[in-house]
Amino acid sequence: MSETASFGYRDVDAAEKAGMVREVFSNVAAKYDLMNDAMSGGAHRLWKDQFVRRVKPRAGEQILDMAGGTGDIAFRMHKHGAHVTVSDINPEMLGVGVERAQKKGLDGLIWSEQNAETLTFGDREFDAYTIAFGIRNVTHIDQALREANRVLKFGGRFFCLEFSTTTWPGFSDVYDVYSHKLVPHLGKLFANDADSYRYLIESIRRFPPMPKFESMIREAGFVNTKVEPILGGLVAIHSGWKI
Numbered sequence: 007m008s009e010t011a012s013f014g015y016r017d018v019d020a021a022e023k024a025g026m027v028r029e030v031f032s033n034v035a036a037k038y039d040l041m042n043d044a045m046s047g048g049a050h051r052l053w054k055d056q057f058v059r060r061v062k063p064r065a066g067e068q069i070l071d072m073a074g075g076t077g078d079i080a081f082r083m084h085k086h087g088a089h090v091t092v093s094d095i096n097p098e099m100l101g102v103g104v105e106r107a108q109k110k111g112l113d114g115l116i117w118s119e120q121n122a123e124t125l126t127f128g129d130r131e132f133d134a135y136t137i138a139f140g141i142r143n144v145t146h147i148d149q150a151l152r153e154a155n156r157v158l159k160f161g162g163r164f165f166c167l168e169f170s171t172t173t174w175p176g177f178s179d180v181y182d183v184y185s186h187k188l189v190p191h192l193g194k195l196f197a198n199d200a201d202s203y204r205y206l207i208e209s210i211r212r213f214p215p216m217p218k219f220e221s222m223i224r225e226a227g228f229v230n231t232k233v234e235p236i237l238g239g240l241v242a243i244h245s246g247w248k249i
């Protein structure tokens with residue numbers, strides 16, 4: 007029997023998931039900011055600011071921003087003088103990022119099409135590895151985490167920003183109604199694509215809860231792991247160190 011992987015609420019052949027996810031992001035690449043605004047009520051901008059403050063990028067550091075195609079995180083880290091490699095499995099997303107960087111007049115960013123599970127970088131190349139709202143779309147999350155550990159230098163740090171499951175009573179019910187009922191309609195209205203937005207919401211529900219994901223980070227070889235819930239865990243910043 008072939009291996010399966012979650013694609014929203016469906017289970018699909020694991021070998022097919024990457025292509026299906028690639029199609030989703032090809033569909034939404036041009037409307038990526040709109041997608042994030044729809045899924046977070048615009049709050050993703052504040053969450054990303056907070057995330058980068060936790061990363062503490064420093065001048066001269068080599069940082070790999072995985073699943074960062076449109077540049078939202080990379081642009082923030084670039085301001086601090088870090089040398090950022092922006093990687094994404096989806097060339098359309100990278101294209102949006104390159105165009106945005108050109109409009110902002112930002113030079114020095116490296117853009118690289120990569121699969122998070124099979125990075126082409128050498129061992130111990132980066133001081134930090136960041137991934138924001140991307141790891142839940144990876145077919146084998148454990149393999150992506152091991153790859154993150156592999157490419158980090160000793161003393162390197164891992165930071166992940168991802169939707170999770172809020173533990174605040176009542177708020178989770180409100181967000182469930184908003185996300186399941188309203189977000190796909192917004193996707194249809196503004197991007198003529200309800201299905202892609204529906205997948206993105208469903209993928210959040212299938213993502214491991216905070217304690218489970220933290221244990222996966224530890225199993226990949228990271229130490230001093232930490233989880234910082236935002237809005238009771240609607241979003242969480244996960245971190246760990248390679249020693």
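Under the working numbering, read the sequence shown as residues 7 to 249, first letter to last.
C-beta: ideal position from N, C-alpha, C; glycine also.
Do you know whose CA, among Lys85, Ala73, Glu105, lies nearest Ile95's CA?
The residue with the shortest Cα to Cα distance from Ile95 is Ala73.
Threshold first: 4 residues or longer. Then list the alpha helix (DSSP H) segments lying entirely within the stretch 125 to 159, N to C.
Correct list: 147 to 157.
Please classify His191 as buried or exposed, where buried requires at least 16 neighbouring CB atoms within 10 angstroms.
With a threshold of 16 other beta carbon atoms within 10 Å, His191 falls short and is exposed.
Would you call the stretch 100 to 111 and the stretch 124 to 133 touching, i.e. three or more CB-CB distances under 8 Å?
Contact between the stretch 100 to 111 and the stretch 124 to 133 is absent, because fewer than three Cβ pairs lie under 8 Å.
Is it the case that the Cβ atoms of Gly162 and Ala134 are separated by a distance below 8 Å?
Yes, Cβ-Cβ distance for Gly162 and Ala134 is below 8 Å.
Between Asp201, Leu100, Ala49, which lies nearest to Phe169 when the distance is taken from Cα to Cα?
Of Asp201, Leu100, Ala49, the residue nearest in Cα terms is Ala49.
Residues in the same chain with beta-carbon distance under 7 Å from Gln149, minus the five sequence neighbours each way, listed in chain order, please.
Within the same chain, and ignoring the five residues on either side of Gln149 in sequence, the residues whose Cβ sits closer than 7 Å to its Cβ are Glu123.
Residue span of the beta strand (DSSP E) that contains Arg64, given as start and end
Counting along the chain, no beta strand (DSSP E) covers Arg64, and no H or E run does either.
Only counting runs of 4 or more residues, tell me where the alpha helix (DSSP H) segments fall wholly within the stretch 52 to 126, in order along the chain.
Correct list: 78 to 84, 97 to 110.
Which class does Lys232 belong to by DSSP, given the choice of helix, strand or coil?
In the three-state reduction of the DSSP assignment, Lys232 falls in the strand class, which pools E and B.
Could you check if Glu234 belongs to the surroundings of the ligand ADP, using beta carbon to heavy atom distance under 7 Å?
The model on display carries no ligand, and the ligand ADP is accordingly not part of it.
In this structure, does DSSP put Ser221 in helix, strand or coil?
The answer is helix: DSSP assigns Ser221 an H, G or I state.
Can you tell me whether Leu176 is buried or exposed? The criterion is at least 16 other CB atoms within 10 Å of its CB, across all chains shown.
According to the sequence provided, residue 176 is Gly. The question's Leu does not apply to it. The residue is exposed, with fewer than 16 neighbouring Cβ atoms inside 10 Å.
Given a cut-off of 8 Å, decide if Phe219 and His244 are closer than it, judged by their beta-carbon atoms.
Yes, the pair counts as a contact, with Cβ atoms nearer than the cut-off.
Close Cβ partners of Phe139 (< 8 Å) along its chain, the five nearest in sequence each way excluded
The residues are Asn42, His50, Ala73, Leu167, Glu168, Phe169.
Check whether Glu67 and Ala88 have beta carbons under 8 Å apart:
Taking C-beta atoms as the reference points, Glu67 and Ala88 count as a pair closer than 8 Å.
Rounded to the nearest angstrom, how far is the Cβ of Glu98 from that of Phe31, given a contact under 8 Å?
Here Glu98 really is in contact with Phe31; their C-beta atoms are around 7 Å apart, less than 8 Å.
Could you check if Ile116 is buried or exposed, using at least 16 other CB atoms within 10 Å of its CB as the buried criterion?
Ile116 counts as exposed, since fewer than 16 other C-beta atoms from the protein chains shown sit within 10 angstroms of its C-beta.
Helix, strand or coil at Asp286 according to DSSP, with G and I counted as helix
Since the first and last residues shown for the chain are 7 and 249, residue 286 lies out of range.
Got a sec? Which residues, its chain only, sit under 7 Å from Gly239 by beta carbon, not counting five neighbours each side?
Hits under 7 Å: Ser170, Thr171, Thr172, Thr173, Met216.
Just list the residues that DSSP pairs Gly246 with in beta bridges.
BP columns for Gly246 point to Phe164.
What did DSSP end up calling Phe213 once you bin it into helix, strand or coil?
Correct three-state label for Phe213: coil.
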